[in-house]
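Participant: Numbering (the working numbering), first residue to last: 5 to 873. Cβ coordinates follow ideal geometry from the N, Cα and C atoms, glycine included. Given the structure is predicted, the values throughout are model-derived calculations rather than measurements.
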RNA sequence: GCCCGCGUGGUGGAAUUGGUAGACACGAGGGACUUAAAAUCCCUUUCCUGAAUCAGGAGUGCCGGUUCGAGUCCGGCCGCGGGCACCA
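#1: Who pairs with residue 83 in a beta bridge, going by DSSP?
#2: What does a CB cutoff of less than 6 angstroms around residue 551 pick up in its chain, not counting 5 residues either side in sequence?
#3: Return the CA-CA distance between residue 835 and residue 842, expressed in angstroms with no decimal places.
#4: Once you ignore the five residues that flank residue 733 on each side, which residues in its own chain have a CB closer than 6 angstroms to its CB?
#5: Just to confirm the assignment, what range does the alpha helix (DSSP H) spanning residue 150 have?
#6: Residue 375: which of 360, 530, 405, 188 sits nearest, CA to CA?
#7: In the DSSP assignment, what residue or residues form a beta bridge with residue 816?
#8: Identify the continuous alpha helix (DSSP H) that holds residue 773 and give its terminal residues.
#9: Here's the rule: buried if 16 or more other CB atoms are within 10 angstroms of the residue's CB, otherwise exposed. What is residue 437?
#10: Measuring CA to CA, which of 865, 369, 276, 809 is closest to residue 833?
#11: Which of helix, strand or coil does DSSP assign to residue 47?
#12: Run through the DSSP bridge pairs and tell me what residue 239 is partnered with.
#13: With a threshold of 6 angstroms (Cβ to nearest heavy atom), would residue 254 be considered close to the ligand SAH?
#14: Comparing C-alpha positions only, which one of 542, 558, 556 sits nearest to residue 569?
#15: Report the rounded CA-to-CA distance for residue 757 versus residue 707, giving the unit in angstroms.
#16: Is the separation between the beta-carbon of residue 780 and that of residue 646 shorter than 7 angstroms?
#17: Excluding sequence positions up to five away, which residues of its chain have a Cβ less than 8 angstroms from the Cβ of residue 92?
#18: Is residue 383 helix, strand or coil when you go by DSSP?
#19: In three-state terms, what does DSSP make of residue 166?
#20: Determine the burial state of residue 873: buried for a count of at least 16 other Cβ atoms within 10 Å of its Cβ, exposed for fewer.
#21: Among 489, 510, 518, whose alpha-carbon lies nearest the alpha-carbon of residue 502?
#22: Would you check if the distance between the CB atom of residue 89 and the CB atom of residue 554 is smaller than 7 angstroms?
#23: Residue range of the beta strand (DSSP E) that residue 745 falls in?
#24: Look at the alpha carbon of residue 4 and the alpha carbon of residue 650, and state the distance between them as a whole number of angstroms.
#25: What is the DSSP secondary structure of residue 234, reduced to helix, strand or coil?
#26: Going by C-alpha distance, which of 343, 70, 135, 281 is nearest residue 203?
#27: Since residue 255 contacts residue 279 with CB under 8 angstroms, what's their CB separation in whole angstroms?
#28: Does the region 356–365 come into contact with the region 311–321, if we say contact requires no fewer than three beta-carbon pairs (one atom in each stretch) closer than 8 angstroms?
#29: Counting Cβ pairs closer than 8 angstroms, one from the region 442–458 and one from the region 327–344, do we hit at least three?
#30: Where do the ends of the beta strand (DSSP E) carrying residue 658 lie?
#31: Using the beta-carbon count (16 or more within 10 Å), is residue 820 buried or exposed?
#32: Would you be able to state if there are at least three C-beta pairs under 8 angstroms between the region 712–723 and the region 763–773?
#33: Please state the DSSP three-state secondary structure of residue 453.
#34: Flag this pair as yes or no: are the beta carbons of residue 778 and residue 675 separated by less than 7 angstroms?
#35: What did DSSP end up calling residue 839 once you bin it into helix, strand or coil?
#36: Looking at residue 349 and residue 409, is the spacing between their C-beta atoms short of 7 angstroms?
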């Protein structure tokens, strides 16, 4: 038996043993007996071709949870698959002429081999790729069910259009107003697109966030902000001038500040408002204004820089509460068509945007809220001067704080909240409006003009319109013979794929050429893992008990999946009462690395750099290297680390151990060579510990009972601490405990044979605690001390409560809150006994001399504090 | 601008309900073993003061408060990170 542990020999051997024993296959519900179920899932990867270290961290975390649950007696489902549709495959096709499917499946094979080397406890029997026709066929069936239920619709919407690639781009793909691939200036186009009615569930998606107790607060907040509920008044302003054609009824607006209605000074319409559009048809100047507004980019930076511009339409509406007063109707670029009604009433005194606009166009500023109830209306000490007309020189910004209503007739003296209610009541009574809730959340546009995605399973028939593809004709398969020569959607250019017949009338028809946004694919894969087609088995496994993935999916993926499981439930496809797919969520941090830059500005790979003390030197040239900030690993900065290289050099266990140690899982961890070497050293240290126990025992030595008891205490306490640390996702703490445990075992090794039995017991427990983290090493150690079978199949060690409590405790003694001494007392000592013993301590005499004791606080088992004066 | 989160040694971090601040690890320094190196093992490592394995003082971003006792709770600042953002 070798003195050194060799992961290259041991790791493949144990993986074979696990495969042979079929250890990680989830049991069907009927075979699970009394075992409770645990569905552990990590976000499945996009098959880019290479695993990166971030994946290693993500999957190592999931594996700790899955293996721990298994050891605790759960029937565990821990599957893996591939999020396989998407742009990179098409890019590869365009750049290298390889078919997206060929490229994707080759990548899957390569990555699966890498996955295998990590020793994860995955049930590969449920593997699939979302580009498998069986998978996307099922997705098409769901799409049609949603359509039947009215959850799908088509409408024209503005999209980012790349005129070179001839495709729609997501907002993330538009960089500084240009397409990320082509570099062409992106245009706004109106296209008819498919949408999912996610907004139907807006309220429920918001409400149920409160029930997701095992989700990070941060993610819940982000989703709540994204859904963006706001309550207010939707009301109508009626004309005080000849009404424009087709808009005779007036203008509907939405406001969250109905309390400021008396301070209204103008109406602002979005440039995209139907009324603006209609008026522009007759007024070239307004048309030019609209064109000007459309020019601005959609990026955040553009919006921030954009100056407020407006156009006076010349129309006027009546103020509903101030007889005889009228308000001008403007079109303004800061009003969005996509929110509320696309029109607002502006109260410049109490809204900064309205204020800026009013200043620019010399519109009235009419304050109707004063900051404090007591201050007289015209008191300059209020910080506001109550200018009623003109440009409001005295106000430098809008007042949006709390206060009391004034200059508002009956509402004077009311609080803002009371005035809001009064306004809503008043408008309801006049039949002009009502309380309304608005959401920031928009319906989900799912159309993509792409080849490598799930085809939308409908046909367009000249006489029947849009017709669903019948169930027996699913899946609608992507054509294999496809060309990427022409820019744009290959499905449109394909010679005959889209040509078909109408399922209803049998006449000529065309297939829909849009494919589904790839977020659809990841919105229900967890249900598919639970079972391909058995609803009861899906009900058994769902919801996912522990989901693990990156925080970058906090909104989109996690929100879409929550929508999908509700929609699936409502079309009778899923038995999930509250519609929540993920009961527990953990978002892990990234793996970062220092960046290195040569004198001439080239980025250098970590392997090209040698560190000497504080100095970094380029190996090839011997020149000094600038060590840059620690950043997320990226190819452009060359600060990536290849997991394969690490595994070949140190083994998978070392890589797993390193990415879980030191930093708390939710935080970023910095990859360092020294840290990896430290992890590798620890593997050897553990190995030597077990090896010394595998040597033949010396005879005839009496047992050292006190030392044995100490060691057993260490083992049982550590087991307990590791157990709860894993359950609470404090893997770094679990690892610190194991370090400490091993240090204690090393000390016991020096004591030797007289504590052999305790060392063996401790080692057996340690091997089982190590298993979720470093399973291969744990197997080798388990075998080394003669334990039967596989430790991966062994139950979690029981911590005996008898060893968790000490007979005596060491209490710190404070005088006026400062620690001055400590005493050892029996666990059973009463506070009085502790107090008496503490006061008698000679160490304390100098601190008590000449002072009177006012109080003695004894917290049993914790601390003694003597208060003196 | 709005909404979250976080500030602890040279570094990553620990301290779970207010109860010995700095566990554990990395790095650094010193030592043992060795012909030498690797490997391994041992010691030191928050700061300041002192006749210095001891004693005293300070210390968890800053200022203040509550408490016998605050890294932890409260108020106000400062700094960093993240999310959203003409959302009416």
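Facilitator: In this structure, then:
#1: 127
#2: 45, 586, 589
#3: 10 angstroms
#4: Hits under 6 angstroms: 590, 669.
#5: 137–152
#6: 405
#7: 826
#8: 760–774
#9: buried
#10: 865
#11: coil
#12: 257, 437
#13: Of the ligands one can find in the structure shown there are none, so the ligand SAH has no counterpart to examine.
#14: Nearest C-alpha to residue 569: 542.
#15: 8 angstroms
#16: It is not a contact, given that the beta carbons lie outside the stated cut-off.
#17: 50, 52
#18: Reliability fails at residue 383, whose pLDDT of 42 lies under 50, so the model's placement of it is uncertain and no value is given.
#19: strand
#20: exposed
#21: 518
#22: Cβ atoms of residue 89 and residue 554: not closer than 7 angstroms.
#23: First-last for residue 745: 735–755, but that is the alpha helix (DSSP H), not the beta strand (DSSP E).
#24: Not covered by the structure: residue 4. The range shown for the chain is 5 to 873.
#25: Correct three-state label for residue 234: strand.
#26: 343
#27: Right, the Cβ-Cβ distance comes to about 7 angstroms (below 8 angstroms), so this counts as a contact.
#28: yes
#29: The region 442–458, when compared against the region 327–344, does touch it at the 8 angstroms Cβ threshold.
#30: First-last for residue 658: 656–664, but that is the alpha helix (DSSP H), not the beta strand (DSSP E).
#31: exposed
#32: yes
#33: coil
#34: No; because the gap between Cβ atoms is not below 7 angstroms, this pair is not in contact.
#35: helix
#36: When the beta-carbon positions are compared, residue 409 and residue 349 stay at least 7 angstroms from each other.
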